[in-house]
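First comes the structure, then the notes that go with it.
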Amino acid sequence: MSTPYSPDEPFDANDEATLAALGRIALLADPVPPDLVDRSLFAMTLAALETELMTLERMPEAAGVRAAEAAPTQARTITFTSTSRTVMITVAPGPDGVRIDGWIAPTGEVDIELHRPHDEVVTTRTDEDGRFAFDAVAPGPASLVARPDDGPAVSTPVIEL
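Be aware that the sequence shown starts at 533, since it is given in this note's numbering, and climbs by one per residue.
Structural data, given as structure tokens:
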């Protein structure tokens with residue numbers, strides 16, 4: 533008959549073997565995402581931009597959008613808020629990736645940066661009504677940074693396009 537386990541016993545080879553087996557089971561059941569390191573580095577890079585991080589307000593279910601004679605496509609509308617700005621974007625599939633149509637309030641001309649891991653930052657400027665767009669964006673993680681002329685920059689959390 534074996535002796536009951538005591539927490540005062542020293543860590544031994546049986547403990548190591550049990551933890552190693554448990555680690556293998558956990559890796560099989562819930563593996564580490566292959567892009568975890570890249571996503572983490574991207575998020576840390578965005579944090580280093582010294583911008584106010586916006587809050588994701590809502591992400592409604594995808595809505596069907598139908599062109600005149602085209603098959604339905606899926607579009608998502610996402611709203612972000614901060615103390616100084618609100619950004620709403622619609623992300624819809626296009627022939628060469630996704631299209632991002634956005635609006636920022638308060639309105640006015642603002643530089644909008646699209647940040648992607650391993651890509652150069654793409655910048656556009658809103659029109660006087662606060663509208664902006666990015667065409668043919670490859671799917672994957674992304675974040676937007678709004679840089680108004682008259683206030684602090686704000687950044688969205690990283691979202692999957």
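Cβ atoms here follow ideal geometry from the backbone N, Cα and C, with glycine treated the same way.
- With a beta-carbon spacing of about 15 Å, L585 and I610 fall beyond the 8 Å limit used to define contacts.
- With contact defined as three or more Cβ pairs closer than 8 Å, the segment 551-564 and the segment 658-668 are not in contact.
- Rounded to the nearest whole angstrom, the CA to CA distance from A575 to V669 is 19 Å.
- Taking 8 Å as the cut-off, the beta carbon of T688 is found closer than this to the beta carbon of S675.
- The continuous alpha helix (DSSP H) containing R556 extends over residues A545 to A561.
- Taken through DSSP and simplified to helix, strand or coil, D682 comes out as coil.
- Counting along the chain, G626 sits inside the beta strand (DSSP E) bounded by residues T618 to G626.
- L568 and P673 have their C-alpha atoms some 11 Å from each other.
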